[in-house]
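Residue numbers (the working numbering): 709 to 1070.
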C-alpha cells in the first residue's frame, strides 16, 4: 500500500484537517502517518509518530520507516526547534527515494527576483526592494508617501509595518495582538534608530503601498486557493475577498479579517469593471502556478493573494505554498471533501507516475 506521511511540528495535536484527510484514507489505497521531523532517529531512520488505523479510525502511536511520500505542513518559526526541523526537512527533500507532494517556495525576495524577468507575470508585480538600511526606508516613505515593509520569511501578517509620510511627519504603524498601534516622529531622521533595531531582527522587503482601501476605509484583497487534482492538474477550490479593520494594514484571516466569496463581492460593488478584473485575475491564475514550478520546484497547493486597486489593476502581493483551509470552509464549503481527499489522490497520482517512469527507465 502507498504510504503518505504528514509532517508537522505538533503531531501530538492532530488538526481537524489531518483527521478528515486520514478518515478518507480507507477507500483511497493510501495509508497515512503523522510525525515530526524531529522524531526521526538519525541512525536507523525509524520514526516515532502516529499511524492512522483504518479499522478504528484512530491515530495509534507507532514506530515506522520514513514513508515514501511526504506532505510538509510544518509552519516554521524562529525557535531552535523550528530551525532544526526545517534543516531535517531540507535533507528529506534532497533524497531521491522520497517524494514530497509539494516542495515549497523560497522567501519573498527570492520569489520576486525570479518572477520579475517573467514577462507574463512581471506586469502584475508591485515595485519591490530588499531593505539594506534604515535610511532606505525613510527615503522611500518620503518618495512614495506610503510604504509597506515585511519580513522576507514572514507569514500571517507578522512584523508588517506601514510607514506614512505627510508634511514632514513620519508615522509608523503595525498590528499587535489584533490591534493597530502607531508611533509618530516630527523629523523622519528620528525614526532611523527604530528601523536599525528592526533590521537586526529580520530581513525586510519594501513596497510602495497599493491603494486597497474600500469605500469605508477598510483594506481588502483577494485570496485564491489552488490545489492539484488526481490527474496532477491545477484546480481552483475557492476565491474570497478578505477585509481587514478600518484604517488597518492586514487582511489575514488569522488577524481577524472578515471574508466573503468573490461572487458575493462582485454583486455588492458597482464602481469596478468586473469583466476586465475577471479576465486579469484568470490570466494570473492560469500562468502563475506553472511559472513558479518552472522557476523552482513541483508544488501541490497554493494560496495566492491579489490586490484589486481602485484603478482596476491587479497586483500579486503574496504566494503561499502552505495555505490555510478557512477560505474554503467559509466561502465554498461544498468543496471541503474534495479538499480533504486531494492529498490522497495526488499522492496516488505521483506513485503511479513514479512507477511508470521506473518502467520506462528499466
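Ideal placement from N, C-alpha and C gives every residue a C-beta, glycine not left out.
When the distance is taken between beta carbons, is residue 773 closer than 8 Å to residue 753?
Taking 8 Å as the Cβ cut-off, residue 753 and residue 773 qualify as a contacting pair.
Under a three-way DSSP split, which group does residue 902 fall into?
Of the three classes helix, strand and coil, the one that applies to residue 902 here is helix, per DSSP.
Report yes if the C-beta distance between residue 948 and residue 1058 is below 8 Å; otherwise report no.
Residue 948 places its beta carbon 8 Å or farther from that of residue 1058.
Thinking C-alpha only, which one of 883, 717, 978 and 1046 is nearest residue 945?
Measuring from the Cα of residue 945, the nearest candidate turns out to be 1046.
Could you check if residue 816 is buried or exposed, using at least 16 other CB atoms within 10 Å of its CB as the buried criterion?
The residue in question, residue 816, is buried, as its Cβ has 16 or more Cβ neighbours within 10 Å.
Consult DSSP for residue 1070 and reduce its assignment to one of helix, strand or coil.
The predicted position of residue 1070 is uncertain, since its pLDDT is 31 and thus under 50; a value taken from the coordinates is nonetheless stated next. Under the three-state reduction of DSSP output, residue 1070 falls in the coil class, being neither helix nor strand.
With 16 as the cutoff for other CB atoms within 10 Å, does residue 988 come out buried or exposed?
It is buried - the Cβ of residue 988 has at least 16 other Cβ atoms within 10 Å.
Flag this pair as yes or no: are the beta carbons of residue 829 and residue 995 separated by less than 8 Å?
Yes, the Cβ-Cβ distance between residue 829 and residue 995 is below 8 Å.
Inter-residue Cα distance where the pair is residue 1060 and residue 779
If you take the alpha carbons of residue 1060 and residue 779, they lie about 17 Å apart.
Going by beta carbon distance, what residues of the same chain come within less than 7 Å of residue 939, once the five residues before and after it are set aside?
The residues are 1057.
Are at least three pairs of beta-carbons, each pair with one atom in the segment 903-917 and one in the segment 960-975, less than 8 Å apart?
Too few Cβ pairs lie closer than 8 Å, so no.
If you run the structure through DSSP and keep just helix, strand and coil, what is residue 836?
Three-state result, residue 836: coil.
Residue 990 - DSSP class collapsed to helix/strand/coil
Residue state for residue 990 is assigned as helix, using DSSP reduced to three classes.
Member of 1010, 787 and 977 whose CA lies at the smallest distance from the CA of residue 1030:
It is 1010.
Proximity winner among 1026, 1023 and 1044, relative to residue 1033 (alpha-carbon distances):
Nearest option by C-alpha distance: 1044.
If you draw a straight line from the C-alpha of residue 952 to the C-alpha of residue 724, how long is it?
Residue 952 and residue 724: Cα-Cα distance of roughly 26 Å.
Measure the CB-CB distance between residue 992 and residue 820 and report whether it falls below 8 Å.
For the 8 Å CB-CB criterion, residue 992 and residue 820 do not form a contact.
Using C-beta distances below 6 Å, list every residue in its chain close to residue 770, excluding the 5 sequence neighbours before and after it, in chain order.
So the qualifying residues of the chain are 759.
I'd like the list of long-range same chain contacts for residue 1013, defined as Cβ closer than 6 Å, with 5 residues on each side in sequence excluded.
Hits under 6 Å: 929, 931, 1025 and 1026.
Sheet register partners of residue 738 (DSSP bridge)
BP columns for residue 738 point to 710.
Measure the CB-CB distance between residue 710 and residue 737 and report whether it falls below 8 Å.
If you check the CB distance, residue 710 and residue 737 come in under 8 Å.
Secondary structure at residue 932, three-state DSSP: helix, strand or coil?
Strand at residue 932.
Cα-Cα separation between residue 784 and residue 862, rounded to whole angstroms:
Distance between the alpha carbons of residue 784 and residue 862: 10 Å.
Which stretch, first to last residue, makes up the alpha helix (DSSP H) that contains residue 944?
In the DSSP assignment, residue 944 falls outside any alpha helix (DSSP H) and within the unbroken beta strand (DSSP E) covering 942-951.
N- and C-terminal bounds of the beta strand (DSSP E) containing residue 749
From DSSP, residue 749 is part of no beta strand (DSSP E); its letter is neither H nor E.
Measure the alpha-carbon distance for residue 937 versus residue 1050 and round it to whole angstroms.
One C-alpha to the other measures close to 6 Å.
Cα-Cα separation, residue 983 to residue 1017:
Rounded to the nearest whole angstrom, the C-alpha separation of residue 983 and residue 1017 is 15 Å.
Supposed contact pair residue 843 and residue 900 - C-beta distance, whole angstroms, cut 8 Å:
Right, the Cβ-Cβ distance comes to about 7 Å (below 8 Å), so this counts as a contact.
Any beta strand (DSSP E) of 3 or more consecutive residues that is wholly inside the segment 756-819
If we require 3 residues or more, the beta strand (DSSP E) runs fully inside the segment 756-819 come out as 766-773 and 777-780.
C-alpha distance - residue 826 paired with residue 1000, whole-angstrom precision
Straight-line Cα distance between these residues: approximately 10 Å.
In angstroms, rounded to a whole number, what distance separates the CA positions of residue 925 and residue 957?
Rounded to whole angstroms, residue 925 to residue 957 spans 11 Å at the Cα level.
Over the uninterrupted beta strand (DSSP E) stretch that includes residue 912, give me the two end residues.
Taken as a continuous stretch (DSSP letters only), the beta strand (DSSP E) holding residue 912 covers 912-916.
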